[in-house]
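If you're matching them up, the sequences are chains A and B in order.
So for the first sequence, my numbering puts the first residue at 1; every next one is plus one.
So for the second sequence, my numbering puts the first residue at 1001; every next one is plus one.
Glycine included, each C-beta is placed from N, C-alpha and C at the ideal position.
In this text the structure is predicted, and so the values were computed from the model without any measurement.
Input: a single structure, listed below in structure tokens.
Number of protein chains: 2
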Amino acid sequence: MMYSIVETLKKNQLSITDSRKKILELFVRSKGALAHADIEHESGTEFDRVTIYRTLQTFVEKGIIHTIPTADNSVRYALCKDACAGGHHHDDHVHFMCDDCGTTYCLDNISVPKLSLPDGFTISQTDVVVSGKCRKCRS
Amino acid sequence: MMYSIVETLKKNQLSITDSRKKILELFVRSKGALAHADIEHESGTEFDRVTIYRTLQTFVEKGIIHTIPTADNSVRYALCKDACAGGHHHDDHVHFMCDDCGTTYCLDNISVPKLSLPDGFTISQTDVVVSGKCRKCRS
DNA sequence: TATGCCAATGCAACAATGTTGCAAAATATT
DNA sequence: AATATTTTGCAACATTGTTGCATTGGCATA
Chain A
1 MMYSIVETLK
11 KNQLSITDSR
21 KKILELFVRS
31 KGALAHADIE
41 HESGTEFDRV
51 TIYRTLQTFV
61 EKGIIHTIPT
71 ADNSVRYALC
81 KDACAGGHHH
91 DDHVHFMCDD
101 CGTTYCLDNI
111 SVPKLSLPDG
121 FTISQTDVVV
131 SGKCRKCRS
Chain B
1001 MMYSIVETLK
1011 KNQLSITDSR
1021 KKILELFVRS
1031 KGALAHADIE
1041 HESGTEFDRV
1051 TIYRTLQTFV
1061 EKGIIHTIPT
1071 ADNSVRYALC
1081 KDACAGGHHH
1091 DDHVHFMCDD
1101 CGTTYCLDNI
1111 SVPKLSLPDG
1121 FTISQTDVVV
1131 SGKCRKCRS
């Protein structure tokens, strides 16, 4: 069962504001991951750039969205699975980034393999980013 | 067998310049990965910022260094294994980034697991970034 | 080793991205 | 409805990355 945008914000003890509603809605509607620039572009001049930065920061802290590591220079964010069901979770899924169109997908079905590191290293998180061509861009 | 800095540059058909020698030397001496800012800091005011950007770009194109994906906002570069032996190679190893000190290690011994993606996706590259505490920072 | 070509550098100017402090406005609380 | 708290927008600034162009320096050739 899905919670609404507003309920998600409430669950995370965040004030209900226009920017938060709109930005969270963008994530819900978007299939892929979003970069700051995408959001700024989609929401037009409605919100200040700073507001978007701070909103993203807040969402990350609350576990509503998570960052995706990329080899190019862009930070991308994606909804945490079950974020709208109120649960935090570890980001144990694989990300796919299309070389052509740049779209980033969360491949929720593929779990990150367990790795054994050298002695002395402890693991807090494992990110897997696969690059290649997505369904739409292979010709 | 290791080639010298100069020989590595020659092998890649690059002119031998002060900046290239110095920057490549930094990578050889460094255990971990370097960000642009690290290099700018280490080399002082000796080289222009633009020169460092262009040198890194060139090294990446020649396969001497590779970028490491990160979830924070920094692009990091590391020597390609065997770069000084003249061989290109696929980046099929795991990267580790310490949450505390930020040092990034190439774990050359751990190979990236093969993944099977959904139909329609083709893989060109797989990056694995593990976060946690490194040997030095675990207390 | 001197000459000339081509590649690389430095500079300047600019664009994009991210951060901070603070007053004003919106939201939540009573 | 009044007050307290949070969030926003603005301004100013810092960092990061890019581009064009004149100058410098490396390298091949004679």
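Scanning B/1032, B/1110, B/1018 for the CA closest to the CA of residue 1047 of chain B turns up B/1018. In the displayed model, residue 56 of chain A falls within a helix according to three-state DSSP. For residue 47 of chain A, the three-state secondary structure derived from DSSP is coil.
Taken through DSSP and simplified to helix, strand or coil, residue 1121 of chain B comes out as coil. In the DSSP annotation of this structure, the continuous segment of the beta strand (DSSP E) that includes residue 107 of chain A starts and ends at 104-111. Between residue 12 of chain A and chain B, the shortest Cβ-Cβ separation is not below 7 angstroms. Remark: C-beta atoms of residue 1131 of chain B and residue 1108 of chain B do not approach each other more closely than 7 angstroms. At the C-beta level, residue 104 of chain A and residue 33 of chain A come within 7 angstroms of one another. DSSP, read as helix, strand or coil, puts residue 34 of chain A in strand.
Secondary structure note for residue 1008 of chain B: its alpha helix (DSSP H) is the uninterrupted segment 1005-1011. With distances taken between CA atoms, residue 1117 of chain B lies nearest to A/112 out of A/112, A/119, A/120. In this structure, the straight-line span from the alpha carbon of residue 134 of chain A to that of residue 1115 of chain B is close to 15 angstroms.
Under the DSSP assignment, residue 1023 of chain B falls in the alpha helix (DSSP H) whose first and last residues are 1018-1029. Of all residues in the stretch 1009-1038 of chain B, none places a beta-carbon less than 8 angstroms from a beta-carbon of chain A. DSSP, read as helix, strand or coil, puts residue 1064 of chain B in coil. Within chain A, the residues placing a beta-carbon under 9 angstroms from that of residue 1121 of chain B are 96, 98, 105, 107, 130, 132, 133, 134, 135, 138, ordered along the chain.
Around the beta carbon of residue 95 of chain A, 16 or more other beta carbons lie within 10 angstroms, which makes this residue buried. The bridge partners DSSP lists for residue 1133 of chain B are A/122.
DSSP places residue 1079 of chain B inside the beta strand (DSSP E), whose first and last residues are 1076-1079. Identification of residues in the stretch 40-72 of chain A having a C-beta nearer than 9 angstroms to some C-beta of chain B yields 66, 67, 68, 69, 70, 71, 72, given in sequence order. At a C-beta separation below 7 angstroms, residue 79 of chain A has no neighbours in chain B, since its nearest C-beta there lies roughly 16 angstroms away. For residue 92 of chain A, the closest of A/44, A/124, A/36 by C-alpha to C-alpha distance is A/124. A distance below 7 angstroms between beta-carbons, with the five flanking residues on each side excluded, links residue 1020 of chain B to the following residues of its chain, in chain order: 1009, 1014, 1055. Look at residue 111 of chain A: its C-beta is not under 7 angstroms from any C-beta on chain B.
Put simply, the backbone Cα of residue 1069 of chain B is about 16 angstroms away from that of residue 1057 of chain B.
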